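Read the structure below first, then the notes.
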Amino acid sequence: MPEITVLVRRDTKFSKVFQAAEVRYTRDWVEPCTFKFTYEGKRVQKDDTPAAIDMEDGDTIDAHLGQVGGGPWW
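In short: position in the sequence shown from 1, add 69, done, that's the working numbering.
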């Protein structure tokens, strides 16, 4: 997935960032709300803010497509 840059204030809830990413990357093959976002290996919640998780300028959040299933294929 290509990288995008989103500038936000330190008190902006990540729900706005998540919406922007989902609009940007949702295609026919990706259902909305299937992304999982992490920062330094920890899940970022929609009500978190950059200040709440101690982000600094230039820090990066990783976006992953959620996986459904995981059971045996046979």
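Idealized CB from N, CA, C, for every residue including glycine. Keep in mind the model is a prediction, meaning the values are calculated, not measured.
Beta-ladder partner(s) of residue i, from DSSP
i	result
Lys115	Looking at the DSSP assignment, Lys115 forms no beta bridge with any residue, so it has no partner.
Ala90	Partner(s): none; Ala90 has no beta bridge.
Leu76	Looking at the DSSP assignment, Leu76 forms no beta bridge with any residue, so it has no partner.
Asp128	Asp128 is not bridged to any residue.
Residue i, DSSP secondary structure in three states
i	result
Lys105	strand
Ala120	coil
Neighbour flag for residue i against chain B, beta carbons, 8 Å
i	result
Thr118	Given the protein chain composition of this structure (a single chain), no chain B is represented.
For residue j and residue i, the rounded distance between their alpha carbons
i	j	result
Thr103	Glu109	20 Å
Val86	Pro141	35 Å
Glu91	Lys111	19 Å
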